[in-house]
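K.L.:
Residue numbers (UniProt numbering): 1 to 416. Okay, handing you the structure first.
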């Protein structure tokens, strides 16, 4: 945004450079967003005007002798808060400074909070965390998967205390056949980091399937052994998958970030490392029952098919085929006989009709009715006076014989 120079005479050009409130707020917000310093910083001060909202957000102010800073911690970031704040607490807050565009005011968006009493150790923690993160020791591609159905579980923790007892109880309950190998390490005080490193390396050489490294809760001083660089490197270099289980759910250490898997508590680590044997057994039993049902269904199907095939074989067997062919031939023979008889009857009926017709046309029948048959000397039938001459001999056939006659006279008559 360019500066607007105002003189005694308000010109039209100056009015052209007038901006809305939203544009100014947006511009200021962009300036804050581009400032790398404001993206990640830590501020110490005294808590005041503290309010825990029903939504889970925390609103408060940080003040010192020089000024006041408005702060907000959203509900999603409260998991990292290990204590309940109150007005007057001296804290160190880490987060981002940004502008709330609607109201045009800036505030500190807090993501992590620690009491100022642990400030020096916390600064060391943050510095080492940043250094190791830049080296890639927290990178996801280096994380090893936690195997299922392990046989040997290694544990690096104090030999006494609730942590080891919780791990033993949960492991025994979930898988009574699991072998738990404990390396009794110092987890607090002088020499604790070296003891933890030695335990990790010994269990790695022992060939266990998974290693749990952890202890119960405590202050940042109590948990500091798990923030040492040598412990982080031992976990990173370990060939066996490592589960970190340090403190309570709200406690975070360098070991948590470099481990292959973080568990919020030692009990949760045992749950993550050891599969429930009874659950697996129930699953296997369920699979067995499903296989049995599938086999019974398949056998019933095959029995049904066998019955069908048996019926088909009976129908298609040579003996059955011969029997069917004999029956077929008998049926054909019966049909042929019936057809022949029917044909003979039809022919006899037709012949009777023809005979009846031929009898009506028979010369003998005509002779019996008084007609005669006349032929000339050459035995040709005489049907006209033109076929004979006077004096020619004729033969006249009657019912009971023949008569020889001679033509005496020919007389033409009109028969029309």
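Backbone N, C-alpha and C fix where the C-beta goes; we use that ideal spot for every residue, glycine too.
Distance, Cα to Cα, residue 146 vs residue 236?
P.N.:
Within the chain shown, residue 146 is the residue found at index 146, counting from 1. Within the chain shown, residue 236 is the residue found at index 236, counting from 1. Each residue's alpha carbon lies about 15 Å from the other.
K.L.:
Can you tell which of 195, 180, 264 has the C-alpha that lies nearest to the C-alpha of residue 217?
P.N.:
Sequence index remark: in the chain shown, residue 217 carries index 217 (1-based). That would be 264, whose Cα lies nearest to the Cα of residue 217.
K.L.:
Looking only at DSSP bridge pairs, what is residue 41 linked to?
P.N.:
Locating residue 41 in the chain shown gives position 41, counting from the first residue. Answer is 95.
K.L.:
With a 10 Å radius around its C-beta and 16 neighbouring C-beta atoms as the bar for buried, classify residue 355 as buried or exposed.
P.N.:
The sequence position of residue 355 within the chain shown is 355, counting from 1. Exposed, because fewer than 16 other Cβ atoms sit within 10 Å of the Cβ of residue 355.
K.L.:
Distance, Cα to Cα, residue 247 vs residue 206?
P.N.:
As a working note, residue 247 is residue 247 in the chain shown. As a working note, residue 206 is residue 206 in the chain shown. Their Cα atoms are separated by approximately 26 Å.
K.L.:
Going by DSSP in three states, residue 402 sits in which element: helix, strand or coil?
P.N.:
On the chain shown, position 402 is the one that residue 402 refers to. Look at residue 402 here: in three-state DSSP terms it is strand.
K.L.:
Alpha carbons only, please: which of 193, 272, 201, 164 is nearest the one belonging to residue 253?
P.N.:
Here residue 253 refers to the residue found at position 253 when the chain shown is read from its first residue. Of 193, 272, 201, 164, the residue nearest in Cα terms is 193.
K.L.:
Using 8 Å as the cut-off, can you tell me whether the segment 157 to 173 makes contact with the segment 265 to 276, which would need three or more C-beta pairs spanning the two stretches below that distance?
P.N.:
yes
K.L.:
Taking only the alpha-carbon atoms, compute the straight-line gap between residue 42 and residue 30 and give it to the nearest angstrom.
P.N.:
Position 42 of the chain shown, counted from the start, is the residue given in the question as residue 42. Position 30 of the chain shown, counted from the start, is the residue given in the question as residue 30. Answer to the nearest angstrom: the Cα atoms are 21 Å apart.
K.L.:
I think residue 278 touches residue 209, with their Cβ atoms under 8 Å apart; what is that distance to the nearest whole Å?
P.N.:
In the chain shown, residue 278 corresponds to position 278, counting from 1. In the chain shown, residue 209 corresponds to position 209, counting from 1. Taking a contact as a CB-CB distance under 8 Å, the pair residue 278 and residue 209 does not count as one, their CB atoms being some 20 Å apart.
K.L.:
Are the beta-carbon atoms belonging to residue 98 and residue 50 less than 8 Å from one another?
P.N.:
The residue given as residue 98 occupies position 98 in the chain shown. The residue given as residue 50 occupies position 50 in the chain shown. For residue 98 and residue 50, no; Cβs fall outside 8 Å.
K.L.:
Taking the alpha helix (DSSP H) that residue 85 belongs to, which residues open and close that run?
P.N.:
Sequence index remark: in the chain shown, residue 85 carries index 85 (1-based). In the DSSP annotation of this structure, residue 85 is not part of any alpha helix (DSSP H), being labelled neither H nor E.
K.L.:
Using DSSP bridges, identify the partner residues of residue 48.
P.N.:
Locating residue 48 in the chain shown gives position 48, where the first residue counts as 1. Note: residue 48 sits in a beta bridge opposite 61.
K.L.:
Within its chain, find whatever has a CB closer than 8 Å to the CB of residue 375; leave out the 5 residues flanking it on each side and keep chain order.
P.N.:
The residue labelled residue 375 in the question sits at position 375 within the chain shown. Closer than 8 Å at the Cβ level, and outside the excluded window around residue 375, lie 381, 382, 394, 395, 397.
K.L.:
Evaluate residue 11 with the Cβ neighbour count: other Cβ atoms within 10 Å of its Cβ, from every protein chain shown; 16 or more gives buried, anything less gives exposed.
P.N.:
Here residue 11 refers to the residue found at position 11 when the chain shown is read from its first residue. Because the pLDDT at residue 11 is just 48, under 50, the model does not fix this residue reliably, and the point stays unresolved.
K.L.:
Please report the straight-line C-alpha distance between residue 402 and residue 333, rounded to a whole angstrom.
P.N.:
Translated into positions along the chain shown, residue 402 becomes position 402. Translated into positions along the chain shown, residue 333 becomes position 333. Going by the C-alpha atoms only, they are around 56 Å apart.
K.L.:
For the candidate residues 251, 321, 226, whose alpha-carbon lies nearest to that of residue 199?
P.N.:
Position 199 of the chain shown, counting from 1, holds the residue named residue 199. When only C-alpha atoms are compared, the closest one is 226.
K.L.:
Check for me: the alpha helix (DSSP H) holding residue 26 runs from which residue to which?
P.N.:
Here the question's residue 26 lines up with position 26 in the chain shown. Segment 21 to 34, the alpha helix (DSSP H) holding residue 26.
K.L.:
Mapping the DSSP letters down to three states, classify residue 236 as helix, strand or coil.
P.N.:
Residue 236 sits at position 236 when you count from the first residue of the chain shown. Three-state result, residue 236: helix.
K.L.:
With DSSP as the reference, please indicate the residues paired to residue 71 in a beta bridge.
P.N.:
Translated into the one-based positions of the chain shown, residue 71 becomes position 71. Per DSSP, 60, 108.
K.L.:
For residue 102, which of 24, 58, 55 has the nearest alpha-carbon?
P.N.:
Residue numbering aside, residue 102 sits at position 102 when the chain shown is read from its first letter. For residue 102, the closest alpha carbon among the candidates 24, 58, 55 is that of 24.
K.L.:
Between 191, 37, 47, which has its C-alpha nearest residue 67's C-alpha?
P.N.:
Against the chain shown, residue 67 aligns to sequence position 67. Minimum Cα distance to residue 67 is reached at 47.
K.L.:
How many angstroms separate the CA atom of residue 284 from the CA atom of residue 297?
P.N.:
For the purposes of this step, residue 284 is identified with residue 284 of the chain shown, where counting begins at 1. For the purposes of this step, residue 297 is identified with residue 297 of the chain shown, where counting begins at 1. So the two alpha carbons sit approximately 20 Å from each other.
K.L.:
Taking the C-alpha atoms as reference points, what is the distance between residue 262 and residue 65?
P.N.:
Stepping through the chain shown from its first residue, residue 262 is reached at position 262. Stepping through the chain shown from its first residue, residue 65 is reached at position 65. One C-alpha to the other measures close to 41 Å.
K.L.:
First and last residue of the beta strand (DSSP E) that includes residue 215?
P.N.:
On the chain shown, residue 215 is found 215 positions in, with the first residue counted as 1. Segment 210 to 215, the beta strand (DSSP E) holding residue 215.
K.L.:
Ignore the nearest five residues each way along the sequence and tell me which others in residue 38's own chain have a CB closer than 6 Å to its CB.
P.N.:
Residue numbering aside, residue 38 sits at position 38 when the chain shown is read from its first letter. Closer than 6 Å at Cβ, skipping near neighbours: 32, 97.
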